[in-house]
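Read in this note's numbering, the sequence shown has -1 at position 7, and its numbers run on one by one without any break.
C-beta atoms are modelled at their ideal positions from N, C-alpha and C, and glycine is treated no differently.
As the structure is a computational prediction, the values presented were derived from the model and not from experiment.
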Amino acid sequence: MKVTYKREDHRSYLVILQDRKELTEEEDFSMTMLMRNPFAGLLRPEEKVFNGEISIYYDISGKQSLSVLYERKFFDGEALRKLLRDLKEVYKNLSGYLADTEGIILDPEYIFLDTNQGRFYFLYYPQTETEDRAGEFSEYLLDRIEDKDESAVMQAYEFYRLVK
-7 MKVTYKREDH
3 RSYLVILQDR
13 KELTEEEDFS
23 MTMLMRNPFA
33 GLLRPEEKVF
43 NGEISIYYDI
53 SGKQSLSVLY
63 ERKFFDGEAL
73 RKLLRDLKEV
83 YKNLSGYLAD
93 TEGIILDPEY
103 IFLDTNQGRF
113 YFLYYPQTET
123 EDRAGEFSEY
133 LLDRIEDKDE
143 SAVMQAYEFY
153 RLVK
């Protein structure tokens, strides 16, 4: 997955250069469905073609990635509760439409907080790799929680237990 960031017309975008040959028919269907029907909590993909190359643009204006937000600070119980609630809602919505939940990228670089709404948004891009993204993400959360916040510790360990 080749990712770049672009700024156009006062908007910020995360851009993935897409090779349609890399996607299975099912993955291509999932991307087309998401472009036509936005899902709450997912960054909405928009396909653009330039010089014969297909790129998927995700509008990240007004949003900060977890990796930037929590580079120097830690999750408290409330922030972690919101993150896990929003993640659960996205999984539930996708499952309800029989969409492949494996396309949710659980990487702090690609999870964004809308600073105005206080809502988390997740990047969806179908991939054929079956790496342990949920496990790695749970370990990231364990490393980034406020140790003195009992609620944060309990939630992070419960999430870790569920995905491991």
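Below 9 angstroms between beta carbons: does that hold for residue i and residue j?
{"i": "I52", "j": "L6", "result": "yes"}
{"i": "F129", "j": "V155", "result": "yes"}
{"i": "G44", "j": "E81", "result": "no"}
{"i": "L58", "j": "E101", "result": "yes"}
{"i": "E63", "j": "Y50", "result": "no"}
{"i": "Y117", "j": "F31", "result": "no"}
{"i": "I96", "j": "F114", "result": "yes"}
{"i": "D141", "j": "D78", "result": "no"}
{"i": "Q109", "j": "M(-7)", "result": "no"}
{"i": "F66", "j": "D1", "result": "no"}
Please look up how many angstroms separate the CB atoms of residue i and residue j, rounded, as I've assumed it's under 8 angstroms.
{"i": "Q147", "j": "L105", "result": "Actually they are not in contact, since the Cβ atoms of Q147 and L105 sit about 17 angstroms apart, beyond 8 angstroms."}
{"i": "G54", "j": "T(-4)", "result": "Going by Cβ atoms, the distance from G54 to T(-4) rounds to 19 angstroms, so no, they are not a contact pair."}
{"i": "R125", "j": "D92", "result": "Contact flag wrong, Cβ pair sits at about 13 angstroms."}
{"i": "F112", "j": "L72", "result": "Wrong, their Cβ atoms sit about 11 angstroms apart, outside the cutoff."}
Using the Cα positions of residue i and residue j, report the straight-line distance between them to the nearest angstrom.
{"i": "M25", "j": "I48", "result": "14 angstroms"}
{"i": "R153", "j": "G127", "result": "9 angstroms"}
{"i": "S22", "j": "L86", "result": "10 angstroms"}
{"i": "E150", "j": "D135", "result": "14 angstroms"}
{"i": "Q10", "j": "K(-2)", "result": "15 angstroms"}
Go ahead and pull the three-state DSSP assignment for residue i.
{"i": "S22", "result": "helix"}
{"i": "F129", "result": "helix"}
{"i": "T16", "result": "coil"}
{"i": "K(-6)", "result": "strand"}
{"i": "E63", "result": "coil"}
{"i": "L115", "result": "coil"}
{"i": "K156", "result": "coil"}
{"i": "R139", "result": "In the sequence as presented, Arg is not what sits at residue 139; that position holds Asp. Coil at D139, not helix or strand."}
{"i": "D78", "result": "helix"}
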